[in-house]
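Residue 12 is where the sequence shown starts when you use this note's numbering, and the numbers rise one by one after that.
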Amino acid sequence: MLFHRRFEHRYPRIVRGQGASLHDDEGNVYLDAVGGAGVAILGHGLEELATQAAESMRHVSYLHGTQFTTPELEAYGERLVALAPDNISHVLLMGSGSDAVETAIKLAYQFYVGKTGTRRKRKVIATQPGYHGATGLALAVTGKPRDRLLFQGLLHEQCFVPAPDGYRRPEESGEACAEALERKILEEGPEDCLAFIVEPVIGASMGIGVPPPGYLQRVREICDRHDIALICDEVMCGFGRCGEWFASSLFDVKPDIIIQGKGMAAGLVPLSAVYASRTLVEGIHRDGGNFAHGFTFTNHALSAAIGLRVLEHVERHGLLAHVRRQGESLRERLRELTAFSWVDDVRGLGLFCGFELVADKATRRAFPRSVKLAERVLQRAMARGGNFYFSIGYLPDGTGDSILVMPPYNVTPAELDQLVAILRDTLTDLDPEVQALSRSAA
Ligand SMILES: Cc1ncc(COP(=O)(O)O)c(C=O)c1O
Numbered sequence: 012m013l014f015h016r017r018f019e020h021r022y023p024r025i026v027r028g029q030g031a032s033l034h035d036d037e038g039n040v041y042l043d044a045v046g047g048a049g050v051a052i053l054g055h056g057l058e059e060l061a062t063q064a065a066e067s068m069r070h071v072s073y074l075h076g077t078q079f080t081t082p083e084l085e086a087y088g089e090r091l092v093a094l095a096p097d098n099i100s101h102v103l104l105m106g107s108g109s110d111a112v113e114t115a116i117k118l119a120y121q122f123y124v125g126k127t128g129t130r131r132k133r134k135v136i137a138t139q140p141g142y143h144g145a146t147g148l149a150l151a152v153t154g155k156p157r158d159r160l161l162f163q164g165l166l167h168e169q170c171f172v173p174a175p176d177g178y179r180r181p182e183e184s185g186e187a188c189a190e191a192l193e194r195k196i197l198e199e200g201p202e203d204c205l206a207f208i209v210e211p212v213i214g215a216s217m218g219i220g221v222p223p224p225g226y227l228q229r230v231r232e233i234c235d236r237h238d239i240a241l242i243c244d245e246v247m248c249g250f251g252r253c254g255e256w257f258a259s260s261l262f263d264v265k266p267d268i269i270i271q272g273k274g275m276a277a278g279l280v281p282l283s284a285v286y287a288s289r290t291l292v293e294g295i296h297r298d299g300g301n302f303a304h305g306f307t308f309t310n311h312a313l314s315a316a317i318g319l320r321v322l323e324h325v326e327r328h329g330l331l332a333h334v335r336r337q338g339e340s341l342r343e344r345l346r347e348l349t350a351f352s353w354v355d356d357v358r359g360l361g362l363f364c365g366f367e368l369v370a371d372k373a374t375r376r377a378f379p380r381s382v383k384l385a386e387r388v389l390q391r392a393m394a395r396g397g398n399f400y401f402s403i404g405y406l407p408d409g410t411g412d413s414i415l416v417m418p419p420y421n422v423t424p425a426e427l428d429q430l431v432a433i434l435r436d437t438l439t440d441l442d443p444e445v446q447a448l449s450r451s452a453a
């Protein structure tokens, strides 16, 4: 029997997809407003891509990353690096966001072991909230205490600083938020600090967090001052989701390492990427050194072939401009939902959108977590034929509910209308019980 993460849950059995719609074996149709978790960036039923993928599969089954390469692998690497900030010279392909985060941290570590001749630099600083994955190093730097709790005994302790929060701390400037990083580095000792890992636009751990102006630039200055690597985790916000190939470029920042994943292969196969600066790669290669890390499926030829086609498809159809335009339009429509007394702060960039569910807009107080409000919204929306995503428990007291909307890059205005209508009907359904909850929580 297949092992599902949710033991009690009855999963709809999807037999077909087309555009943003999924069809199950009982005749139900779901509007996939999030592409899983921002992965199916071109929607479903991709006939042309599937044909191209089948063609690539006929050539060769598998090549080990230490033995062979292919023209498509090399071409894809060139194309990705050409789109990246100009300090980036190389890219390594991985399978998931988590293994890309592990790789990024090990890359920084190997570089500094070579540079300093010591193993002292090993502390990674991360934001809270923040999400970087489920494997050892990635979970250790994930700023979600709920996720770390069970596995704490297995994890190497890392350090956290508060992430900017424009909704609950709007008065805090970007520079002031970044100062928390400098204080933490000084407290831990710069000579012991290896890297700062940050999502340029925070995703699933806080229902989208766009940083205030100046934040990432100041972070870059601080990292330079103390000689620590800046790792931008763009697994969720990058590769066009915010309307540009690189989310860090939106803030004019050149990280030492960038990580992308999720929709790079439009969900057809697992694919992620670790981009490294020339300084890092040359540093590691100095004296003939090689990178001491890799997986069986690192630089996977078929994944690269599909990734290359996805990139070309996005470019050929001008989808990044579409993401920017449709994103504005989506947020405008979502803002109408703030007519509900418990819906607030529609936020995001491109088609990376979210909003808060709060018990009191004046104080921005969240609902008690025991209410499981975000879960209720998702469940009711699913019953109405809409698939959405949530963030929960991200505030220091363990509360916090928000809903994420991340439709495919080729979403149509009609599909946007439909997804907002499903949300509106869902919130209307829930309104009487949520009003009662707000009164009892007051
Ligand atoms: C910002 C970020 N980093 C890393 C990861 C881990 O990616 P994966 O689940 O593919 O391992 C995620 C997953 O949601 C993410 O959002």
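For each residue, glycine too, the CB sits at the ideal point set by N, CA and C.
Cα-Cα separation between residue 114 and residue 137, rounded to whole angstroms: 16 Å
Delimiting residues of the alpha helix (DSSP H) encompassing residue 293: 289-296
Between 12, 21, 14, which has its C-alpha nearest residue 394's C-alpha? 21
DSSP puts residue 105 in a beta bridge; with which residues? 283
Taking residue 125 and residue 294 to be in contact with their CB atoms under 8 Å, please state how far apart those CB atoms are, rounded to whole angstroms. 6 Å
Note down, in chain order, each residue of its chain lying with its Cβ closer than 6 Å to the Cβ of residue 41, except the 5 sequence neighbours on either side. 33, 396, 398
Can you round the beta-carbon distance between residue 215 and residue 142 to whole angstroms, since I take them to be within the 8 Å contact cut? 5 Å
When the Cβ atoms of the stretch 206-221 are set against those of the stretch 72-92, are three or more pairs found closer than 8 Å? no
Report the option in 414, 371, 79 whose CA atom is closest to the CA atom of residue 390. 414
Starting from residue 205 and walking both ways along the beta strand (DSSP E), at which residues does that stretch end? 204-209
Where does residue 82 fall in DSSP's three states? helix
Would residue 450 pass as a contact of residue 410 if the rule is Cβ separation under 7 Å? For the pair residue 450 and residue 410, the CB atoms are not nearer than the 7 Å cut-off.
For a test of your reading of the model: does the CB of residue 36 fall under 6 Å from any non-hydrogen atom of ligand 1? Yes or no. no
Distance, residue 61 Cα to residue 35 Cα: 20 Å
Confirm the yes/no value for this check: CB of residue 244, any heavy atom of ligand 1, distance under 6 Å. yes
When DSSP labels each residue in this structure, what does residue 445 get in the three-state scheme? helix
Hey, could you find the ends of the beta strand (DSSP E) residue 137 is sitting in? 134-139
Identify the residues that DSSP records as bridge partners of residue 167: which are they? None, per the DSSP bridge assignment.
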